[in-house]
Structures are given as C-alpha cells and as structure tokens.
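**Q** Just so you know, we're using my numbering here: the sequence shown kicks off at 102 and counts up by one.
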Amino acid sequence: MKRWTNRWKSFVQGGVISMVVPLGLLALLEAGIRLSGIDVDATKNKNFKVMVPVWLLADENWVELKKERLKNQGGIPADRLDWFGYFEEARFIQYKMKPLVRAFVVNPFNPIEREKQVKFLMASNSQGFRTKEFSQEKGEHVYRIIALGDSSTFGWGVEATYTFPQRLEETLNAQGGTLRYEVLNLGIPGYTSLHGVNLFNHFAKSLSPDLLIVSFGANDARWLKYPMKEVLALEETWVGALRRFLRNFYTYKLMRKLIFYFYDPVSGKSSGEGRETLQLNQLAVSGKDYQENLAYFIDAAREKGAQAILLGICAPNSYLEMMKNVSLAKEAPFINAHQLFRERLEEITRKEIYKDLVDYYENLYGRKAMEQNRSLYVSTDGCHPNAIGHALIAEAIYHQMKSWHFIAQNRGLILPGLPFNQ
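(1) With distance defined between alpha-carbon atoms, name the residue in 234, 337, 265 and 181 nearest to residue 211.
(2) Are at least three pairs of beta-carbons, each pair with one atom in the region 239-253 and one in the region 308-316, less than 8 angstroms apart?
(3) Give me the DSSP bridge partner(s) of residue 316.
(4) Given a threshold of 16 other Cβ atoms within 10 Å of its Cβ, counted over all protein chains shown, does residue 200 qualify as buried or as exposed?
(5) Is residue 190 buried or exposed, if buried means 16 or more other CB atoms sit within 10 Å of its CB?
(6) Of the choices 508, 233, 391 and 349, whose alpha-carbon is the least far from that of residue 322?
(7) Name the DSSP beta bridge partners of residue 207, please?
(8) Please say whether residue 410 and residue 434 have beta carbons closer to each other than 8 angstroms?
(9) Per the contact definition of three or more C-beta pairs closer than 8 angstroms, is the region 249-265 in contact with the region 283-298?
(10) Going by the beta-carbon positions, is the gap between residue 396 and residue 318 smaller than 8 angstroms?
(11) Helix, strand or coil for residue 413 per DSSP?
(12) Excluding sequence positions up to five away, which residues of its chain have a Cβ less than 7 angstroms from the Cβ of residue 507?
(13) What is the DSSP secondary structure of residue 364, reduced to helix, strand or coil?
(14) Suppose the cutoff is 6 angstroms on Cβ atoms and the five residues either side in sequence are ignored; what does the same chain contact list for residue 427 look like?
(15) Beta carbon of residue 221, beta carbon of residue 258: below 8 angstroms?
(16) Can you grab the Cα-Cα spacing for the pair residue 328 / residue 301, in whole Å?
(17) Measuring CB atoms only, is the region 340-356 touching the region 281-290, in the sense that at least three cross pairs come out at less than 8 angstroms?
(18) Here's the rule I'm using: 16 or more other beta-carbon atoms within 10 Å means buried, otherwise exposed. How should residue 167 be labelled?
(19) Looking only at DSSP bridge pairs, what is residue 144 linked to?
(20) Could you check the C-alpha separation between residue 499 and residue 161 for me, to the nearest Å?
(21) Please classify residue 339: is it buried, with 16 or more other beta-carbons within 10 angstroms of its beta-carbon, or exposed?
(22) Quick one: grab the DSSP three-state call for residue 451.
(23) Would you mind giving the Cβ-Cβ distance between residue 386 and residue 293, rounded to the nearest angstrom? I have them listed as a contact below 8 angstroms.
(24) Which of the three DSSP states, helix, strand or coil, is assigned to residue 286?
(25) The alpha helix (DSSP H) with residue 425 in it runs from where to where?
(26) Could you tell me which residues DSSP pairs with residue 188 in its beta bridges?
(27) Apart from the five residues on each side of it in sequence, which residues of its chain come closer than 6 angstroms, Cβ to Cβ, to residue 286?
(28) If you check the beta carbons only, do residue 127 and residue 352 fall under 8 angstroms apart?
(29) Drop a sphere of 10 angstroms on the beta-carbon of residue 382, count the other beta-carbons inside from all chains shown, and report buried for 16 or more, exposed for fewer.
(30) Hey, residue 477 and residue 445: beta-carbon distance below 8 angstroms or not?
(31) Might you give, ordered along the chain, the residues of its own chain that have their beta carbon closer than 7 angstroms to the beta carbon of residue 202, omitting 5 neighbours on each side?
(32) Could you work out which residue in 153, 130 and 412 is closest to residue 361 when comparing CA atoms only?
(33) Go ahead and label residue 473 buried or exposed: buried means 16 or more other beta carbons lie within 10 angstroms of its beta carbon, across all protein chains shown.
(34) I believe residue 315 touches residue 412 by the beta-carbon criterion, under 8 angstroms. Please report the beta-carbon distance rounded to the nearest angstrom.
(35) Would you kindly work out how many angstroms separate the C-alpha atoms of residue 470 and residue 456, rounded to a whole number?
(36) What would DSSP say about residue 466, mapped onto helix, strand or coil?
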C-alpha cells in the first residue's frame with residue numbers, strides 16, 4: 102500500500118512539475134517581452150511606408166481592398182494608414198480606438214488639407230471612444246443620448262467640439278430646465294449597421310439611453326470579400342472569447358507579428374481582371390439585413406422606453422431610400438443629410454448662417470476652389486461633414502426632437518429658438 106502511495110505522490114509531483122515549468126518559462130518570456138519595449142502590435146510591410154497594425158493584416162477584407170488600391174493606383178500614401186495605429190481589436194465590434202489616445206491626424210481624403218498638412222485632434226476616453234468620460238450609471242435628472250455611427254458620426258476631419266453630438270449637447274443644455282443632457286459619441290470609422298447592433302447589444306444598451314441617433318449606410322454598401330455577418334458572427338463563439346483572452350498576452354501578439362513579418366498577405370497574386378478577381382463580390386451588409394438592423398435599433402430602444410432617430414450621412418441613395426422606408430414603417434424620425442445640405446447651401450454661400458466658419462473654409466481652400474466644388478461648404482471631402490455640415494445636422498436633430506416631442510414642456514425645459522447662428 103505504501104509503495105502505491107509513493108508512486109501516486111511521484112506521479113502527482115511529476116505532473117505538477119511538467120505544468121509549472123513550462124508556465125514559468127512562458128511567464129518569464131512574457132515579462133521579458135513586456136520589459137523589452139518591443140512593438141508587438143504593428144509590423145513592417147513592403148507595400149506600405151508605415152508600420153501596419155497586425156490586426157489589419159489579419160483582416161482578409163481589408164487586405165483585399167488594399168490589393169485593389171495597389172493594383173489600380175500603384176501605392177498607398179502613409180497618411181492613409183498611420184491613423185489605424187490608434188485603433189485596436191475589440192471583441193464583438195471588431196475594433197475601436199485605443200484608450201486615452203491623443204494624436205493629430207491629417208485628413209488624407211482632402212487633397213488641399215493634405216498639401217497644407219492641416220491636422221485635427223483625434224482623442225479618445227478611457228473606454229476607447231471619441232467622447233468625454235462618462236459613468237455606466239446615467240445619474241439622476243440626466244437625459245442620455247447615444248450617437249451610433251461611422252466616420253461621419255465620429256467626426257472625421259473636424260475637431261470634436263464641432264461634431265454634431267457635441268454641438269447638440271451644448272445646444273440642449275443651453276435651453277435651461279431641470280434635465281441635464283448628455284450626448285455620447287460612439288461612432289467609429291468604418292463601422293456598418295451590424296457593428297452598431299453589436300455595439301448596442303454588448304455595450305450601449307447597458308448605458309440606459311433615452312434616445313439613439315443611428316447613422317450607418319456608407320460602409321454597409323461596400324463590396325468586400327466576406328460579408329460582415331460572417332466576420333462578426335465568429336466573435337459570438339468560443340473562438341472570439343479565445344482571441345480576446347490571448348490578446349492579453351504579449352507572447353501571443355509577438356508570435357502573430359512574426360507570422361506577418363515572414364508572410365505578406367497583401368502581395369498575394371490573382372489572375373484575370375475585375376471585381377471577381379479580387380473577390381470583392383459580397384456586400385458588407387445586404388439591403389435586407391440593413392433594413393432589419395435599422396428596425397432593430399428602433400424596436401430595441403422602444404422596448405427600453407427610449408426612442409431612435411435615423412440619420413443618413415454619406416450613404417448611397419439606395420441605402421438612404423431603405424432608411425427612409427424603415428422610418429416610415431416604424432413611424433420614426435428620419436434625417437437625410439444630403440437633402441439637408443442641398444436645401445441650406447444657398448444660405449451658407451451667401452454667409453447668412455455660419456459666416457465665421459464659411460470665412461475659415463474660404464481662407465483654407467480658396468474661394469475659387471469652393472465655387473468649383475460647392476460640396477466643400479458642407480463637407481471636407483464630398484462625404485464627411487465639415488464643421489458647417491455638423492452644425493446643420495445638430496440643428497436638424499434638435500428640430501426633430503422637438504417636433505416628435507422627445508423634448509417636452511412637462512420635463513421642465515425651456516424651449517426658445519435655436520442659438521446656433523448667434
């Protein structure tokens with residue numbers, strides 16, 4: 102009996118040692134990598150002039166899009182990539198900003214601003230969003246508005262203070278009354294409506310919003326190798342959980358970096374010509390799914406006693422029409438920024454509104470350039486709103502909130518005219 106006991110002890114001791122020793126070595130390796138200061142998040146790639154985040158090279162959709170650009174344009178400027186370094190992987194939503202980023206970035210989509218090296222501040226809070234710090238709990242007498250969207254909501258190319266979420270918050274709080282308004286900007290460049298659904302389900306819903314501003318469509322309509330439904334579905338499985346766990350370790354990150362150091366997915370060759378060659382034959386989000394996602398936002402908000410406003414910015418006409426149809430079917434507010442800009446353009450060019458901002462842009466771009474391309478009065482690049490465009494959007498949202506009684510006298514609010522143009 103004693104002999105069997107000794108054997109069992111030896112077996113257990115051997116098992117413990119066989120586990121402890123490798124774990125100890127891994128711990129030492131992990132500590133060494135962390136102390137070394139090695140950048141485990143980005144790697145060199147001969148196709149680009151800047152370090153590329155490893156998570157981007159692992160994204161087959163992004164790689165396929167870059168192949169197309171390299172093929173058609175022969176190169177990718179550094180300023181079209183360097184801003185990606187301020188973003189990181191995130192479970193369920195693919196990526197978001199790194200926490201506490203503070204970086205000045207050039208808008209690479211505007212040739213005049215690129216030439217003059219005009220930069221805007223891209224800063225994030227401790228949770229990785231371009232908005233102020235906020236608590237999980239809403240607090241007493243707080244009306245919380247959450248803006249979900251893509252780069253237009255994010256405020257690409259403009260300072261945060263000029264984005265429509267911040268302008269809306271300032272305007273609402275200027276009215277006085279018993280409520281304090283809080284508008285949180287959770288927009289992220291590149292997001293589709295499906296990213297927004299996941300962000301709402303796994304994060305924003307728990308923030309108890311009173312109103313959702315939903316603005317997607319530009320990226321939903323993009324052609325990709327894999328639809329976002331397939332890409333994001335994996336994040337809901339154990340694979341997504343394992344990836345998130347492994348991303349805590351520098352050893353894992355370094356191993357993945359080494360893989361892409363020796364293997365270049367961007368240099369993959371393809372035969373023939375056309376979209377089929379580059380495998381960009383799947384819509385990021387189909388029209389059917391897009392409409393279902395928008396309807397979900399409205400239904401999910403109402404289930405929690407909240408409301409939703411649909412906002413179309415920089416989306417193709419087909420997706421704007423679908424957004425309008427959902428708003429009619431669900432009896433929810435809809436703002437078409439394209440139409441809004443067209444309707445107000447003459448007022449802007451005559452400097453009847455936002456004169457100081459018009460003067461700023463005419464000085465920056467030159468009046469002749471703006472007359473030749475009148476979209477520059479409301480947009481930085483023909484897509485993303487500039488400071489004037491954001492102000493118009495904030496004004497339109499305010500009016501929709503008022504006309505749909507999302508702002509009510511019985512909430513103790515004073516409702517004078519808008520102070521936007523003072």
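Backbone N, C-alpha and C define an ideal beta-carbon position, used for all residues, glycine too.
**A** Answer, in terms of the structure:
(1) 181
(2) yes
(3) 250
(4) exposed
(5) buried
(6) 391
(7) 220
(8) yes
(9) yes
(10) no
(11) strand
(12) 312 and 408
(13) coil
(14) 392, 395 and 396
(15) yes
(16) 20 angstroms
(17) no
(18) buried
(19) 153
(20) 40 angstroms
(21) exposed
(22) coil
(23) 5 angstroms
(24) strand
(25) 418-431
(26) 198
(27) 231, 232, 248 and 266
(28) yes
(29) exposed
(30) no
(31) 187, 223, 224 and 225
(32) 153
(33) exposed
(34) 7 angstroms
(35) 18 angstroms
(36) helix
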